[in-house]
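Same order as they appear, the protein sequences are chains A and B.
When you line the first sequence up against my numbering, it's residues 641 to 965, in that order.
When you line the second sequence up against my numbering, it's residues 72 to 354, in that order.
Note that CB positions come from ideal geometry on N, CA and C, so glycine has one too.
Input: a single structure, listed below in structure tokens.
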Amino acid sequence: MSAATKAPAAPGRADLKVVILVPAALLALAVLPFVLPTYQVSVATQILIFAVLAMSIDVLAGYAGRTSLCHGAIFGVSTYVVLYGSTVAGLPVLASMVVGVLAATVLAAVFGVLAVRTSGVYFLLLTLALGLIVWGVCLRWTAVTGGENGLRGQLQVGAFAQPRALYLAVLAGAAVMSFGMWRFVHSPFGLTLRGIKDSESRMRSLGYNVPLHLVIAFTVSGFFAGMAGAMYAVFNNFVSPSTVQLSQSVAGLLMAIVGGIGTLFGSVVGAFLIIALEQAVSLYTERWLMVLGAMFVLIMIFAPEGVVGKARALLARSAQRRGRQ
Amino acid sequence: MSLFQLLNGLTFAALLFVVASGFTLIFGLLRIVNLAHGALYLFGGYVGYTVGTHTGSFALAAVAAMASVALIGLILDQGLLRFVRGFELRQVLLTLGVAFMLNDLALVIWGGDTFTVPVPSFLQGAIVQFGVFYPKFRLFVLLVGVLVFVGLWLLLNRTRLGALIRAGVDDAEMVEASGINIRRVFLLTFMLGSALSGLGGLLGGAFLTLYPSADSEILVFSLAVVIIGGRGSLEGAAIGSLFIGLFNTFGQVWFPELAYFVIFGPMALLLAFRPLGLFGRAA
Numbered sequence: 641m642s643a644a645t646k647a648p649a650a651p652g653r654a655d656l657k658v659v660i661l662v663p664a665a666l667l668a669l670a671v672l673p674f675v676l677p678t679y680q681v682s683v684a685t686q687i688l689i690f691a692v693l694a695m696s697i698d699v700l701a702g703y704a705g706r707t708s709l710c711h712g713a714i715f716g717v718s719t720y721v722v723l724y725g726s727t728v729a730g731l732p733v734l735a736s737m738v739v740g741v742l743a744a745t746v747l748a749a750v751f752g753v754l755a756v757r758t759s760g761v762y763f764l765l766l767t768l769a770l771g772l773i774v775w776g777v778c779l780r781w782t783a784v785t786g787g788e789n790g791l792r793g794q795l796q797v798g799a800f801a802q803p804r805a806l807y808l809a810v811l812a813g814a815a816v817m818s819f820g821m822w823r824f825v826h827s828p829f830g831l832t833l834r835g836i837k838d839s840e841s842r843m844r845s846l847g848y849n850v851p852l853h854l855v856i857a858f859t860v861s862g863f864f865a866g867m868a869g870a871m872y873a874v875f876n877n878f879v880s881p882s883t884v885q886l887s888q889s890v891a892g893l894l895m896a897i898v899g900g901i902g903t904l905f906g907s908v909v910g911a912f913l914i915i916a917l918e919q920a921v922s923l924y925t926e927r928w929l930m931v932l933g934a935m936f937v938l939i940m941i942f943a944p945e946g947v948v949g950k951a952r953a954l955l956a957r958s959a960q961r962r963g964r965q
Numbered sequence: 072m073s074l075f076q077l078l079n080g081l082t083f084a085a086l087l088f089v090v091a092s093g094f095t096l097i098f099g100l101l102r103i104v105n106l107a108h109g110a111l112y113l114f115g116g117y118v119g120y121t122v123g124t125h126t127g128s129f130a131l132a133a134v135a136a137m138a139s140v141a142l143i144g145l146i147l148d149q150g151l152l153r154f155v156r157g158f159e160l161r162q163v164l165l166t167l168g169v170a171f172m173l174n175d176l177a178l179v180i181w182g183g184d185t186f187t188v189p190v191p192s193f194l195q196g197a198i199v200q201f202g203v204f205y206p207k208f209r210l211f212v213l214l215v216g217v218l219v220f221v222g223l224w225l226l227l228n229r230t231r232l233g234a235l236i237r238a239g240v241d242d243a244e245m246v247e248a249s250g251i252n253i254r255r256v257f258l259l260t261f262m263l264g265s266a267l268s269g270l271g272g273l274l275g276g277a278f279l280t281l282y283p284s285a286d287s288e289i290l291v292f293s294l295a296v297v298i299i300g301g302r303g304s305l306e307g308a309a310i311g312s313l314f315i316g317l318f319n320t321f322g323q324v325w326f327p328e329l330a331y332f333v334i335f336g337p338m339a340l341l342l343a344f345r346p347l348g349l350f351g352r353a354a
């Protein structure tokens, strides 16, 4: 009996599943703010923003085989530029968001050019160093970044002053970006990236320009991280060096890992789990970094394939056991 | 370029070398990028501060700093890293988690204040030479840096343990096949590398002070040193430290707010031509 149900779904059926599931999920998310209290709505907004960041990390880690530790910094640079643009330079909010995303994309392109020559641990090291340099500059360049005090603004203008409206706008943005990233990794270009992940030398001998592909992938992924950062600027109205610090990149990566690297939408689940945990932990203790570190250690030892993947494997195993009885 | 600034750059380079040599040793032999290295530095510094202020002995503080951090290294290697052996990326991310935990633990124990490790009386004050008024302790750090370099060079090139370490870098399996317990060599190297970061924490704590984010700062410098010098190379670490130490010092003088950015220049240039660093070899 199990053979019949385990048969791969026909393409038509899979499409049907998507056609029903995606709008249903979107509808559920859109109704959410009208049943939740205001505070929880803002937490949900935060989850959506970080889900985009985690997905942007997953685009590189899951599909190009490059684990980045500087995406928090790229995200934060966008946040900094948006706040600087709207409070100091006096640009309209939307215009400063565009500039912020542009700045993040350019930064990602530069970092990409430097980093794609390496892979594996070296890539991790290098992106870590690049991210820390961004943090150092934001901390010390007081004249522009405000140093430790950061920059404060009031970006929630017009209808977006309403938490529910802001949530819906972020939801729309996150949905469009998720679709964009999904298209990107399933495009022929994305398939090439997966080929590079599996074997760089094979792709090179097939005639693909591997470094160029990786630079483009890094830039695109940085663009999405920058989008998340720009939304975060409007959401948070404040930026300080803690937005670009290492723990931001680490939290984003942890979300992607918890959701399962290479699953893209798993990152949404990961973002939900990590931020929900952060909220729960902060009720009892200030030691969030300790919990974050411990989570990382435990997941690396027990569930490197992600909590979602681990749960699925455990379920499958128990189902198998039941089937055998 | 005054003599004063040159000395500042050299003494900072010496501190960097003490910290980064431990980092590159572990990276080269065990293939472990220990991102908890910065946190170990901070821990070593704090322990040295506590012991130093209570006993008044700098030597005792140095021993305590190195021993306590070597012990943390032992626990890290035997208690946690053993579960992820052979998975490079998982090892790195695990040490990153440990770095967060250690940093937070340090915050719980010592709080967020800035501390300065007490300097022994014979190293206090300054000497005047060639018209330059220079703190004795920083010259002492320079001396320690040179001594650590000579010591490590002799250890690696003139002792049996060093021969085993070098052989392990080249081909760990072959060393094991010839009847050597390479795991013990690995563990010793890990503890030695950790102890060096503890020593660095003590020295750095005396002239750069200790505060909760000092670990990230020293980590980024160590990373830059190893990226420039290449994995596992003592000479690379020395040259990388000199590079970064001098660049950073002059960067701070010329562009005080963008000093961090000045490290980025040489690093980017080098990566364009030698992605594995000056002395790096492909694994």
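Item	Value
Rounded C-alpha distance that separates A:Ala650 from A:Pro828	Per-residue confidence for A:Ala650 stands at a pLDDT of 44, beneath the threshold of 50, marking its modelled position as unreliable; no derived number is given.
CB contact flag (A:Gly907, A:Gly899, <9 Å)	For the record, residue 907 of chain A in the displayed sequence is Ser; it is not Gly. Cβ distance < 9 Å, so A:Ser907 and A:Gly899 count as in contact.
Check whether A:Gly583 and A:Ser718 have beta carbons under 9 Å apart	Residue coverage of chain A in this structure runs from 641 to 965, which leaves residue 583 of chain A outside it and unanswerable.
CB contact below 9 Å: B:Ile298 versus chain A	yes
Helix, strand or coil at A:Ala943 [DSSP, three-state]	coil
Cβ-based contacts, 9 Å cut-off: residues of the stretch 939 to 957 of chain A near chain D	Protein chains in the displayed structure are A and B, and chain D is not among them.
Contact list for A:Thr605 against chain B, beta-carbon separation under 7 Å	No answer is possible for residue 605 of chain A: the residues shown for chain A start at 641 and end at 965.
Close beta carbons around A:Thr832, own chain, < 8 Å, minus the five adjacent residues each side	Met843, Tyr848 and His853
A:Asp698 classed as buried or exposed, judged by whether at least 16 other C-beta atoms fall within 10 angstroms	buried
C-beta contact flag for B:Leu270 and B:Val215 at 9 Å	yes
Validate contact between the stretch 733 to 746 of chain A and the stretch 756 to 770 of chain A using beta carbons, cut 8 Å, 3 pairs	no
Cβ neighbours of A:Thr767 in the same chain (closer than 6 Å, five flanking residues each side left out)	Ser708, Leu709, Cys710 and Ala755
Pick from A:Phe878, A:Phe912 and A:Met817 that is closest to A:Phe864, judged by C-alpha positions	A:Met817
Per-residue DSSP class, three states only, for B:Val246	helix
CB-CB length for A:Ala970 against A:Leu811, believed under 8 Å	Because chain A in this structure spans residues 641 to 965, residue 970 of chain A falls outside the shown range and cannot be described.
Against chain A: residues of the stretch 262 to 293 of chain B by CB proximity under 9 Å	Ser284, Ser287, Glu288, Leu290 and Val291
Cβ neighbours of A:Thr685 in the same chain (closer than 7 Å, five flanking residues each side left out)	Leu806, Tyr807, Val810 and Phe875
Span of the alpha helix (DSSP H) around B:Phe318	Leu305 to Trp325
Members of the stretch 894 to 922 of chain A near chain B, C-beta cut-off 7 Å	none
Own chain, CB closer than 7 Å to B:Pro327, minus 5 neighbours either side, in chain order	none
Contact the stretch 250 to 269 of chain B vs the stretch 94 to 107 of chain B: 3+ CB pairs below 8 Å	yes
Any chain B beta carbon closer than 9 Å to A:Ser880	no
Span separating the alpha-carbon of B:Gly157 from that of B:Ile103	10 Å
9 Å Cβ cutoff, B:Asn174 in contact with chain A	yes
A:Ile856, DSSP secondary structure in three states	helix
Beta carbon proximity, B:Pro337 to chain A, threshold 9 Å	no
Residues that B:Arg156 contacts on chain A, provided the C-beta gap is smaller than 8 Å	Neighbours of B:Arg156 on chain A: none; closest Cβ ~11 Å, over 8 Å.
For B:Tyr205: DSSP bridge partner residues	B:Ile198
Backbone secondary structure at A:Arg706 - three-state DSSP	coil
Neighbour-count burial assignment, B:Gln323, 16 or more Cβ in a 10 Å radius	buried
Residues that B:Glu159 contacts on chain A, provided the C-beta gap is smaller than 7 Å	Gly760 and Val761
Enclosing alpha helix (DSSP H) for B:Ile143 [first to last residue]	Phe129 to Ile146
C-beta neighbour in chain B for A:Leu887, strict 9 Å	According to the sequence shown, residue 887 of chain A is Ser rather than Leu. Yes, A:Ser887 lies at the interface with chain B (some Cβ there is under 9 Å from its Cβ).
Backbone secondary structure at A:Leu938 - three-state DSSP	helix
Chain-ordered chain A contacts of B:Tyr331 [CB-CB under 7 Å]	Ile773, Gly776, Val777 and Arg780
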